[in-house]
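Student:
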Amino acid sequence: MLEIDGVSKTFGSVRALDSCAFQAAPKRLTGLLGPNGAGKTTLMRCLLGLVEPDVGTLRWRGAPITEAARHRFGYMPEERGMYPAMVVADQVEYFACLSGLSRPAARVAARSVIGRVGLAEQAERKVEQLSHGNQQRVQLAVALVHQPDLLVLDEPFAGLDPLGVDTLAELLQYLANDGATVLFSSHQLDLVQHLCEDIVTIDRGHVVMAGSLENLQARTDRRYLDIAFARPPVDGWLDAVPGAHASGDERHIRLTVGPACDLSAVLRAAESAGPLLRFDYQPPSLEEMFREAITR
Amino acid sequence: MRARLSIIWVIARRELLMRVRSKAFLISSVILLLAIIAGIVIPSLITRSTTSYTVAVVIGPGAPTPAAVTALAGAAGITVTVREVADRGAGVELVESGAATAAISPGEVVWKSAVDTRLGPVLDAAAAQTAIAQRAEALGLTPAQLAGLFAPTKPTATTLQPTTDRGPRSLVAMAGMILLFVALNFYGAYVLTGVVEEKSSRVVEVLLARVRAADLLAGKILGIGLLGIGQFFALAAAAAVTLQILKPANLPPGTLPLIAIVALWFVLGYSFYSVVYGALGSLASRTEDAQAAITPLTFLLLLTYFGAFSALGKPTAWWVTAGSLFPPTAPMFMPLRAGLTDVPAWQMLCAVVLMIAAIVGMVHAGGRLYRGAVLHTSGRLRIRQAWHGSR
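What follows is the structure in structure tokens.
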């Protein structure tokens, strides 16, 4: 379990983190959301010891994070960085050695992780000769080579093609199932909604929304009802549903209702208004919750 | 501690191997090697050619014998090959064509354009000896008496205030000083570009997520330092072997300890300056800014270098002694003093202790600057900003 409690950091006159607090659990993917400049990168740098917080505690498995614990962390910074003239295999092996692996062990680990990210055929090429997407895979291999317990990835999906996104998503899922704690930031909210069990949203250095996606959605007091009619419904059918707010065109209607709304009453009213093609009840999407959280 | 040392070694090993394997390094090393060998071989070939001459000797009464010419030449340290000719005309012809440097006939030495400064006195002496022998014979002296008259005598040389010959030692000291200056700049530049490249390629953040900034800097300096020492000794060995093959020299006493002192101060000077290079380099984000970031350092090194050169003239001046104790200038002043004068042991020890203290201080201060600056990847940082940096 990763616990962040009351962490603040100020750079000059900029308050990058402001009493930031949340937790990330093992075997789960945690998505770190926030607008640009919200403090996500600073927070990740704090976790890796690259930035010392002014106040607050960072705990890993119940104890303050030490240098030894950080040897078991994997990190992929937002600004990707590698030695361009170094061969892929050597590079990954080198970073494994820096994480404390012996050279033979590092070599074995490097070979295996390079295969896992799908670069086995490029292993003997220099990083600068690879495509952008493949360089990103090398970066990921570097972050994974020492089989970290905690993975901190800053925008890992940025710049990947759809296939690359799928591969990375599968890999992260696999690592989480294997017992790792995975924390990653992203602006692709549909992807985060699809992948992550837990969500942390920060805005201006402060956590504005945190918890499991399920709970967060359950906690919202808005629901959406998407109704599609085969032909335009009878006027005034909605009068039977108090408190509903309708939007959309003639045949496709989105109703915004409260959690206490009687669904069967709405269904009966809709059915009597005309033949239905679709009647869909859903919580707000992550994107909607995100917008709401950061404009609050 | 052991884990940290092994991490530092991992970093140093990469720095060393990446550079040794790079084509640029191999090519520049080979060029340096060839330049050093050529620098020794070519002058020695030139000087050797001027110590051997061909002389045309006109055979006849009143002319020196070929044996006398070669004997006198040998005494003067030059080699003369004699070509006997029948008359003056034949001798002049040889000089004209360049086959002989000079022709000697009774009472005359023929040169092509000018009198050679080394061969001239030898031929003059040969001519004079022959003339004197002729006159003595005219006075009725027997050849045996003549030989007795010319028997060499050598007076005893007495020196009132004997001094040891420091010529070769001061040469070693000066060569050492120049080498140190070049090496500090050269390998310092390696550290500088290494630091800036890691910053501009952004790999530094990935590195610092795993290792401490101080260890990263230490590993880099160690790796490049080993490379420098290795290259230095390879070049020195090449120079020594070439010299030994060309003309086995007997080193003057005290040269080997002096070489050891130069090597010691290279290690100390490099340790000090490479940290400064690394710390100042971390202030720059791009290669273009790097030179500007190290301007103060370049200035200091140049000043030290020219200071050391003026110290060659008066190595006992008070400011030379001070400079040899003051850590930033000591690496160049102390070897020079050791070559030119007898440095008291306590001063040498003092300078080394001060230098080590300065290195420790510099590692702390430079390490702090490096830590504060190295993650700052936009623009150029001021020293004060880095000092109060992000950690």
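Chains as they are written, first to last, in our numbering: chain W, 5 to 300; chain D, 74 to 464. Glycine included, every Cβ here is placed at the ideal spot set by N, Cα and C. Nothing here was measured: the structure is a model prediction, and the numbers come from that model.
(1) Please specify which runs of the beta strand (DSSP E), each continuous and at least 3 residues long, are wholly inside the region 99-147 of chain D, giving them in chain order.
(2) Please say whether residue 296/D and residue 78/D have beta carbons closer to each other than 8 Å?
(3) For residue 261/W, go through chain D and note every residue whose CB falls closer than 7 Å to its CB, in chain order.
(4) Would you say the beta carbon of residue 85/D comes nearer than 7 Å to a heavy atom of the ligand ADP?
(5) When you check each C-beta in the region 119-153 of chain W against every C-beta of chain D, which residues fall closer than 9 Å?
(6) Can you confirm whether residue 81/W, when its beta carbon is compared against all beta carbons of chain D, has any partner nearer than 8 Å?
(7) Closest to residue 270/W by CA distance: which of 229/W, 252/W, 218/W and 234/W is it?
(8) So, is residue 228/D buried or exposed, given that buried needs 16 or more other C-beta atoms within 10 angstroms?
(9) Checking 8 Å against the spacing of the C-beta atoms, do residue 60/W and residue 10/W come in under that value?
(10) Compare the C-beta of residue 98/W with all C-beta atoms of chain A and state if any pair is closer than 8 Å.
(11) Could you list which residues in chain W have their beta carbon closer than 8 Å to that of residue 284/D, in chain order?
(12) At which residues does the alpha helix (DSSP H) containing residue 377/D begin and terminate?
(13) Pull up the distance between the alpha-carbon of residue 295/W and that of residue 95/W, whole angstroms please.
(14) DSSP has residue 154/D in a bridge; who is on the other side?
(15) Compute the Euclidean distance between the alpha carbons of residue 247/D and residue 301/D, then round it to the nearest angstrom.
(16) Quick one: residues in its chain with C-beta nearer than 6 Å to the C-beta of residue 98/D, no 5 flanking neighbours on either side, listed in chain order?
(17) Using CA atoms only, rank isn't needed, just tell me which of 245/W, 149/W and 280/W is closest to residue 264/W.
(18) Reducing DSSP to helix, strand and coil, say where residue 24/W ends up.
(19) When the Cα of residue 68/W is compared with those of 52/W, 78/W, 83/W and 81/W, which residue comes out closest?
(20) State buried or exposed for residue 64/W, treating a residue as buried only when at least 16 other CB atoms are found within 10 Å of its CB.
(21) Determine contact between the region 280-292 of chain W and the region 271-286 of chain D, defined as no fewer than three beta-carbon pairs at a distance below 8 Å.
(22) What ranges does the beta strand (DSSP E) occupy inside the region 178-229 of chain D, keeping only unbroken runs of at least 3 residues that lie completely in it?
(23) Give me, in chain order, the residues of the same chain whose beta-carbon lies closer than 6 Å to that of residue 126/D; leave out the 5 immediate sequence neighbours on both sides.
(24) Would you report the Cα separation of residue 362/D and residue 150/D, rounded to the nearest angstrom?
(25) Return no unless some Cβ of chain W is closer than 8 Å to the Cβ of residue 318/D.
(26) Looking at the secondary structure, which residues open and close the alpha helix (DSSP H) in which residue 139/W lies?
(27) Would DSSP call residue 175/D helix, strand or coil?
(28) So with Cβ pairs under 8 Å, would you call residue 441/D a contact of chain W?
(29) So, is residue 147/D buried or exposed, given that buried needs 16 or more other C-beta atoms within 10 angstroms?
(30) What residues of chain W sit near residue 278/D, judged by a beta carbon separation below 7 Å?
(31) Name the DSSP bridge partner or partners of residue 206/W?
(32) Taking residue 75/D as the query, report the chain W residues whose CB atoms sit under 8 Å from its CB, ordered along the chain.
(33) Hey, is residue 281/D's beta-carbon within less than 8 Å of any beta-carbon in chain W?
(34) Do residue 268/D and residue 355/D have their C-beta atoms within less than 8 Å of each other?
(35) Could you tell me whether the Cβ atoms of residue 24/W and residue 47/W are closer together than 8 Å?
(36) Could you spell out the range, first to last residue, of the beta strand (DSSP E) harbouring residue 15/W?
Tutor: This is what the structure gives:
(1) 125-131
(2) Looking up residue 78/D in the second sequence gives position 5. Looking up residue 296/D in the second sequence gives position 223. Going by C-beta atoms, residue 78/D is not nearer than 8 Å to residue 296/D.
(3) Residue mapping note: residue 261/W aligns to position 257 of the first sequence, counting from 1. Result: empty, since nearest Cβ-Cβ is about 47 Å, beyond 7 Å.
(4) With respect to small molecules bound, the structure shown includes none, and the ligand ADP cannot be examined in it.
(5) 143, 146, 147 and 150
(6) Against the first sequence, residue 81/W aligns to sequence position 77. Yes, contact with chain D.
(7) On the first sequence, position 266 is the one that residue 270/W refers to. Nearest C-alpha to residue 270/W: 229/W.
(8) In the second sequence, counting from the first residue as 1, residue 228/D sits at position 155. It counts as exposed.
(9) Residue numbering aside, residue 60/W sits at position 56 when the first sequence is read from its first letter. Residue numbering aside, residue 10/W sits at position 6 when the first sequence is read from its first letter. Yes, the Cβ-Cβ distance between residue 60/W and residue 10/W is below 8 Å.
(10) In the structure shown, chain A cannot be found, because the protein chains are W and D.
(11) Position 211 of the second sequence, counted from the first residue, corresponds to residue 284/D. Chain W residues near residue 284/D: 102.
(12) Taking the first residue of the second sequence as position 1, residue 377/D is located at position 304. 368-384 is the extent of the alpha helix (DSSP H) around residue 377/D.
(13) In the first sequence, counting from the first residue as 1, residue 295/W sits at position 291. In the first sequence, counting from the first residue as 1, residue 95/W sits at position 91. Each residue's Cα considered, the two are about 41 Å apart.
(14) Reading the second sequence from its first residue, position 81 is the one you call residue 154/D. In the DSSP output, where bridge partners are listed per residue, residue 154/D has 127/D.
(15) Taking the second sequence and counting its residues from 1, the one referred to as residue 247/D is at position 174. Taking the second sequence and counting its residues from 1, the one referred to as residue 301/D is at position 228. About 19 Å.
(16) Locating residue 98/D in the second sequence gives position 25, counting from the first residue. Closer than 6 Å at the Cβ level, and outside the excluded window around residue 98/D, lie 92.
(17) The residue labelled residue 264/W in the question sits at position 260 within the first sequence. Of 245/W, 149/W and 280/W, the residue nearest in Cα terms is 245/W.
(18) On the first sequence, residue 24/W is found 20 positions in, with the first residue counted as 1. Strand at residue 24/W.
(19) Stepping through the first sequence from its first residue, residue 68/W is reached at position 64. For the residues 52/W, 78/W, 83/W and 81/W, the minimum Cα distance to residue 68/W belongs to 52/W.
(20) Residue numbering aside, residue 64/W sits at position 60 when the first sequence is read from its first letter. The residue is buried, with at least 16 neighbouring Cβ atoms inside 10 Å.
(21) no
(22) 181-184
(23) In the second sequence, the residue the question calls residue 126/D occupies position 53. If we look at residue 126/D and ignore the five residues flanking it on each side, its Cβ neighbours are 153, 174 and 192.
(24) As a first step, residue 362/D is located in the second sequence; it is residue number 289 there, counting from the start. As a first step, residue 150/D is located in the second sequence; it is residue number 77 there, counting from the start. Distance between the alpha carbons of residue 362/D and residue 150/D: 58 Å.
(25) Indexing the second sequence from 1 puts residue 318/D at position 245. Not an interface residue.
(26) By one-based count along the first sequence, residue 139/W stands at place 135. Run containing residue 139/W: 136-148, per the alpha helix (DSSP H) assignment.
(27) In the second sequence, residue 175/D corresponds to position 102, counting from 1. Strand at residue 175/D.
(28) Taking the first residue of the second sequence as 1, we reach residue 441/D at position 368. Closer than 8 Å: no.
(29) Here residue 147/D refers to the residue found at position 74 when the second sequence is read from its first residue. Exposed, by the Cβ-count rule.
(30) Indexing the second sequence from 1 puts residue 278/D at position 205. Those are 54, 81, 83 and 85, listed as they occur along chain W.
(31) Translated into the one-based positions of the first sequence, residue 206/W becomes position 202. Per DSSP, 211/W.
(32) Position 2 of the second sequence, counted from the start, is the residue given in the question as residue 75/D. Residues of chain W passing the Cβ test: none, with the nearest at roughly 11 Å.
(33) Stepping through the second sequence from its first residue, residue 281/D is reached at position 208. Yes, residue 281/D lies at the interface with chain W (some Cβ there is under 8 Å from its Cβ).
(34) Taking the second sequence and counting its residues from 1, the one referred to as residue 268/D is at position 195. Taking the second sequence and counting its residues from 1, the one referred to as residue 355/D is at position 282. Contact flag set, yes.
(35) Within the first sequence, the letter at position 20 stands for residue 24/W. Within the first sequence, the letter at position 43 stands for residue 47/W. Yes, Cβ-Cβ distance for residue 24/W and residue 47/W is below 8 Å.
(36) Mapped onto the first sequence, residue 15/W falls at position 11. From DSSP, the beta strand (DSSP E) with residue 15/W extends over 6-15.
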